Amino acid sequence: MKTFYVTTPIYYANSLPHLGSLYTTLIADCLTRYKQQRGFETFFLTGTDEHGINIQRVAERSGLTPKEHTDKIVKEYKEKFGSFGLDTEHGGYDIFMRTTEPFHYAGVSELWRRVARARTPKGNDPIYKGHYEGWFCASCATFKTEEEYIKPEREGDAPKCLEHLVALDRVSEESYFFRLSDYAEALIEFYEARPDFIRPETRRNEVMSFVRGGLQDLAVSRLRSSVSWAIPVPDDPSHTIWVWFDALPNYITAIGFGNPEREQAAGFD
Numbered sequence: 221m222k223t224f225y226v227t228t229p230i231y232y233a234n235s236l237p238h239l240g241s242l243y244t245t246l247i248a249d250c251l252t253r254y255k256q257q258r259g260f261e262t263f264f265l266t267g268t269d270e271h272g273i274n275i276q277r278v279a280e281r282s283g284l285t286p287k288e289h290t291d292k293i294v295k296e297y298k299e300k301f302g303s304f305g306l307d308t309e310h311g312g313y314d315i316f317m318r319t320t321e322p323f324h325y326a327g328v329s330e331l332w333r334r335v336a337r338a339r340t341p342k343g344n345d346p347i348y349k350g351h352y353e354g355w356f357c358a359s360c361a362t363f364k365t366e367e368e369y370i371k372p373e374r375e376g377d378a379p380k381c382l383e384h385l386v387a388l389d390r391v392s393e394e395s396y397f398f399r400l401s402d403y404a405e406a407l408i409e410f411y412e413a414r415p416d417f418i419r420p421e422t423r424r425n426e427v428m429s430f431v432r433g434g435l436q437d438l439a440v441s442r443l444r445s446s447v448s449w450a451i452p453v454p455d456d457p458s459h460t461i462w463v464w465f466d467a468l469p470n471y472i473t474a475i476g477f478g479n480p481e482r483e484q485a486a487g488f489d
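Residues in the sequence shown are numbered from 221 upward in steps of one, following the working numbering.
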């Protein structure tokens with residue numbers, strides 16, 4: 221039988237569900253049911269992204285632990301989706317994915333280990349330990365370059381995130397890095413060999429231009445003393461895994477990556 225895997229983004233659990241999350245999940249639900257009517261075996265995922273400094277801070281302000289806060293938010297999501305018939309009971313999603321699930325921890329840890337054991341196109345270790353200093357946006361969960369923030373008007377003030385308009389945190393600490401700079405040439409070759417891989421053409425040109433401009437290595441961990449609400453780095457519990465390295469793999473951990481016993485998702489890998 222033909223298979224079709226449908227996902228929404230996983231929603232960041234710092235606040236309650238809103239119209240955008242309902243709209244997105246309704247579209248995914250419609251697509252899933254359409255494919256089922258045409259004979260596909262489907263697997264439909266939605267869920268929540270639950271780690272990171274932003275959630276840690278929101279929970280602290282609410283007088284809750286991060287787990288208590290995310291449990292509360294997830295309950296709201298499930299109730300709202302259920303009232304629109306989007307849950308499993310009404311033939312909707314097959315899994316409400318939570319990045320706090322033990323099987324997700326196992327899958328992300330396995331991904332980290334596989335990446336660390338590999339080699340870059342230039343023969344280097346993909347993950348290495350270094351030192352990072354820069355401006356960090358808790359809402360974006362990422363470091364910002366000078367082009368990505370608003371410079372302060374007064375000396376001594378912190379710059380602000382262009383997207384969220386919140387003050388950035390100055391971070392200077394040890395970090396693990398992903399050696400993204402080693403992949404630029406290989407990515408260009410890949411895109412040129414597969415012109416339809418990125419569509420439309422305007423976006424393809426945009427990505428090609430960005431990669432040709434040179435890629436910077438990416439910080440993929442934080443010190444546990446700075447961000448404790450996160451998945452520990454395998455074999456180094458003094459560091460936690462950057463929330464994006466944790467969140468994005470949910471689409472593969474949900475269907476069995478690092479967890480072969482997840483039979484319900486067999487056939488969607």
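C-beta atoms are modelled at their ideal positions from N, C-alpha and C, and glycine is treated no differently.
For clarity, every value in this text was computed on a predicted model and none was experimentally measured.
Distance CB(residue i)-CB(residue j) smaller than 8 angstroms
{"i": "THR460", "j": "VAL447", "result": "yes"}
{"i": "HIS324", "j": "THR473", "result": "yes"}
{"i": "ASP402", "j": "ASN479", "result": "no"}
{"i": "ALA233", "j": "ILE293", "result": "yes"}
{"i": "TYR313", "j": "PRO237", "result": "no"}
{"i": "PHE363", "j": "GLY376", "result": "no"}
{"i": "ALA378", "j": "ARG390", "result": "yes"}
{"i": "TYR369", "j": "LEU388", "result": "yes"}
Selected residue, minimal CA-CA separation from residue i, among the options
{"i": "SER329", "options": "GLU288, PRO454, LEU265, TRP355", "result": "PRO454"}
{"i": "GLY305", "options": "ILE247, ASP466, THR340", "result": "ILE247"}
{"i": "SER282", "options": "PHE316, THR308, LEU242, SER235", "result": "SER235"}
{"i": "MET317", "options": "TRP355, LEU265, ILE275, ARG374", "result": "LEU265"}
{"i": "TYR396", "options": "ARG423, LEU385, ASP437", "result": "ASP437"}
{"i": "GLY434", "options": "GLU421, ALA450, ILE408", "result": "ILE408"}
{"i": "TYR471", "options": "LYS222, PRO229, THR262, MET221", "result": "PRO229"}
{"i": "LEU239", "options": "SER392, PHE301, LYS222, ARG258", "result": "PHE301"}
{"i": "ASP307", "options": "CYS250, PRO341, VAL431, PHE477", "result": "CYS250"}
{"i": "SER392", "options": "GLU412, MET428, TYR352, ARG424", "result": "TYR352"}
{"i": "TYR411", "options": "MET428, VAL335, GLU373, PHE263", "result": "MET428"}
{"i": "LEU242", "options": "GLY350, SER303, GLU261", "result": "SER303"}
{"i": "ILE275", "options": "GLU421, ALA361, ARG339, VAL226", "result": "ALA361"}
{"i": "LYS349", "options": "ARG419, ARG423, LYS371, ALA336", "result": "ALA336"}
{"i": "ILE273", "options": "HIS310, PRO322, ASN425, PHE356", "result": "PHE356"}
{"i": "ILE315", "options": "THR227, ARG414, PRO457, PRO372", "result": "THR227"}
Local Cβ density within 10 Å of residue i, reported as buried at 16 or more and exposed below that
{"i": "TYR231", "result": "buried"}
{"i": "LEU382", "result": "exposed"}
{"i": "ALA406", "result": "exposed"}
{"i": "THR268", "result": "buried"}
{"i": "PHE465", "result": "buried"}
{"i": "GLY327", "result": "buried"}
{"i": "GLN257", "result": "exposed"}
{"i": "PHE477", "result": "buried"}
{"i": "ILE475", "result": "buried"}
{"i": "ALA338", "result": "exposed"}
{"i": "ALA279", "result": "buried"}
Under the three-state DSSP convention, the category residue i falls into
{"i": "GLY311", "result": "coil"}
{"i": "GLU405", "result": "helix"}
{"i": "ASP249", "result": "helix"}
{"i": "THR268", "result": "strand"}
{"i": "SER241", "result": "helix"}
{"i": "ILE275", "result": "helix"}
{"i": "PRO322", "result": "helix"}
{"i": "ILE331", "result": "Looking at the sequence provided, one finds Leu at residue 331 rather than Ile. The answer is helix: DSSP assigns LEU331 an H, G or I state."}
{"i": "THR223", "result": "strand"}
{"i": "LYS371", "result": "coil"}
{"i": "ALA233", "result": "coil"}
{"i": "TRP464", "result": "helix"}
{"i": "GLU394", "result": "strand"}
{"i": "PRO286", "result": "helix"}
{"i": "ILE418", "result": "coil"}
{"i": "ILE475", "result": "coil"}
{"i": "SER458", "result": "strand"}
{"i": "GLY350", "result": "strand"}
{"i": "SER446", "result": "coil"}
{"i": "LEU400", "result": "helix"}
Integer Cβ distance of residue i from residue j, believed to fall under 8 angstroms
{"i": "THR290", "j": "THR252", "result": "With 8 angstroms as the limit, THR290 and THR252 do not qualify as a contact, their Cβ atoms being about 25 angstroms apart."}
{"i": "GLU394", "j": "LEU443", "result": "6 angstroms"}
{"i": "ARG399", "j": "PRO346", "result": "5 angstroms"}
{"i": "PRO286", "j": "TRP449", "result": "4 angstroms"}
{"i": "LYS222", "j": "GLY259", "result": "7 angstroms"}
{"i": "THR244", "j": "LYS255", "result": "No, THR244 and LYS255 are not in contact; Cβ-Cβ is about 17 angstroms, not under 8 angstroms."}
Interface flag, residue i vs chain D, CB-CB below 8 angstroms
{"i": "GLY272", "result": "Absent here is chain D; the protein component of the structure consists of one chain."}
Check: residue i C-beta below 7 angstroms from any heavy atom of the ligand ATP
{"i": "SER401", "result": "For the structure depicted, the ligand ATP is absent and the ligand set is empty, with no information on it obtainable."}
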